[in-house]
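Under numbering that gives the first Met the number 0, think of the first position of the sequence shown as 0, with each following residue one higher.
Below is one structure; the comments refer to it alone.
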Amino acid sequence: MAALLTLATAPASLWAQQPQQPQPHAQEPAWGLGLAVSTDRKPYRSFDHKVQPLPLVTYENRWISIMGPGVDFKLPAAGPLDLRLRSRFGFEGYEAKDSPHLAGMAERKGSLWLGAVATWHTGVVDLSAELLADASGHSKGHQLTLQAERRFQAGAFDITPRLALQRQDRKTVDYYYGVENHEARPGRAAYAGSAAMNLQAGVRVGYTLAPRQWMFVDLSTTRLGNAIKNSPLVGQSSQPAVTAGFLYRF
Numbered sequence: 000m001a002a003l004l005t006l007a008t009a010p011a012s013l014w015a016q017q018p019q020q021p022q023p024h025a026q027e028p029a030w031g032l033g034l035a036v037s038t039d040r041k042p043y044r045s046f047d048h049k050v051q052p053l054p055l056v057t058y059e060n061r062w063i064s065i066m067g068p069g070v071d072f073k074l075p076a077a078g079p080l081d082l083r084l085r086s087r088f089g090f091e092g093y094e095a096k097d098s099p100h101l102a103g104m105a106e107r108k109g110s111l112w113l114g115a116v117a118t119w120h121t122g123v124v125d126l127s128a129e130l131l132a133d134a135s136g137h138s139k140g141h142q143l144t145l146q147a148e149r150r151f152q153a154g155a156f157d158i159t160p161r162l163a164l165q166r167q168d169r170k171t172v173d174y175y176y177g178v179e180n181h182e183a184r185p186g187r188a189a190y191a192g193s194a195a196m197n198l199q200a201g202v203r204v205g206y207t208l209a210p211r212q213w214m215f216v217d218l219s220t221t222r223l224g225n226a227i228k229n230s231p232l233v234g235q236s237s238q239p240a241v242t243a244g245f246l247y248r249f
């Protein structure tokens, strides 16, 4: 993608995809403004899900790409291999008021993730590996994501299916899905999380209304690993997400 998106909140599953958008010139700064709505159904039991309006601001230049809660610093490319340093704020976590089943739980805060991503453009499919660590110190964990995606163009439509495998380490799973001894209640036993492997499938469909106007819908579902599904806080085995929006490029 070549864009910047600044917004209040958004599912990482969308912004991490970095959709490839046509640019006037790869090294010229490019701005965009828009609006989106998003819902990301967290797997916690009886969670109070909300549809979020998302103001969009996008920006890209030769060295920096900012989109949503993420900032990429571009490193020199090595042939078909793109290398970037990545900073991203995640909106994981909850407050006790978000569900009756979370009553008595301490707040789990969203984390600032720092790391790097390498993308190999094979000509057939884009393969990427992203390694991020929690720099905020909340979970003190890390996560590794391997992804394959391909963008198809059909007239004014662009379609980008993707498949991703994400490993979250023990500290990450324990922080967001574990139950400390002092948080245990009848019907909510203490639980220590372990590393989990999550599988996500998704597709983003975009439509170019005019040379500078683009609208999109992104659909995804994530099959959660056993260490997450077995948590007494969790009531579903998958996590669907939907985001739709409009972007105008200057």
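Note that the Cβ used here is the ideal one computed from N, Cα and C, for glycine as well.
Exercise. Among the residues of its own chain, which have a CB less than 7 Å from the CB of VAL172, if the five just before and after it don't count?
Worked result: Around VAL172: GLY192, SER193, ALA194, ALA195, ALA226 and ILE227.
Exercise. Short check: CB of THR242 to CB of SER37, under 8 Å?
Worked result: yes
Exercise. Mind checking ALA128: buried by the 16 CB within 10 Å criterion, or exposed?
Worked result: Using a 10 angstroms sphere on the CB of ALA128, the tally of other CB atoms stays under 16, which defines it as exposed.
Exercise. Buried or exposed: ASN255, going by 16 or more other Cβ atoms within 10 Å of its Cβ?
Worked result: No statement about residue 255 is possible, as the shown extent of the chain runs from 0 to 249 and does not include it.
For this session: For SER98, collect the residues of the same chain with a Cβ closer than 7 Å to its Cβ; drop the 5 residues on either side in sequence, then sort them by chain order.
Result: TYR43, ARG44, SER45, PHE46 and ASP47
Exercise. Among TYR174, THR121 and ARG166, which has the Cα closest to the Cα of LEU223?
Worked result: ARG166
For this session: Kindly list the residues whose CB is nearer than 6 Å to the CB of LEU162, restricted to its own chain and excluding five residues on each side of it in sequence; keep chain order.
Result: Setting aside the 5 residues that flank it on each side, LEU162 is surrounded in the same chain by ALA147 and ALA200, each with a C-beta closer than 6 Å to its C-beta; the list follows chain order.
Problem set entry | Minimum length 4: unbroken alpha helix (DSSP H) runs contained in the stretch 79-167 | You should have found no qualifying run.
For this session: Drop a sphere of 10 angstroms on the beta-carbon of THR159, count the other beta-carbons inside from all chains shown, and report buried for 16 or more, exposed for fewer.
Result: buried
Exercise. Exposed or buried, what is SER219 when buried is set at 16 or more other beta-carbons lying within 10 Å of its beta-carbon?
Worked result: buried
Exercise. Between VAL116, GLN51, GLU179 and GLY205, which lies nearest to GLU106 when the distance is taken from Cα to Cα?
Worked result: Comparing Cα-Cα distances from GLU106 to each of VAL116, GLN51, GLU179 and GLY205, the minimum goes to GLU179.
Exercise. Given ALA95, which residues of its chain have a CB within under 6 Å of its CB, disregarding the five upstream and five downstream residues?
Worked result: LEU101, ALA102 and MET104
Exercise. Which residues share a DSSP beta bridge with TYR206?
Worked result: PHE156 and MET214
Exercise. Near PHE249, what residues of its chain come up, given a Cβ to Cβ distance below 8 Å and the 5 sequence neighbours on each side ignored?
Worked result: ALA29, TRP30, GLY31, LEU32 and ARG211
Exercise. What is the DSSP secondary structure of ASP47, counted as helix, strand or coil?
Worked result: DSSP places ASP47 in coil when its eight states are reduced to three.
Exercise. ALA226 lies in the alpha helix (DSSP H); which residues open and close that run?
Worked result: Here the alpha helix (DSSP H) through ALA226 covers 225-228.
For this session: Can you check DSSP and say which residues form a bridge with TYR176?
Result: Beta-bridge pairing links TYR176 to no other residue.
Problem set entry | Cα-Cα separation between PHE88 and ALA188, rounded to whole angstroms | 30 Å
For this session: Find out if the Cβ-Cβ distance for the pair TRP112, ASP81 is shorter than 8 Å.
Result: At the C-beta level, TRP112 and ASP81 stay beyond 8 Å of one another.
Problem set entry | Beta bridge counterpart(s) of GLY201 as assigned by DSSP | ARG161 and SER219
Exercise. Count the other CB atoms within 10 Å of the CB of SER236; is the residue buried (16 or more) or exposed (fewer)?
Worked result: exposed
For this session: For the beta strand (DSSP E) holding VAL327, just list the boundary residues, first then last.
Result: Since the first residue of the chain shown is 0 and the last is 249, residue 327 is not available in this structure.
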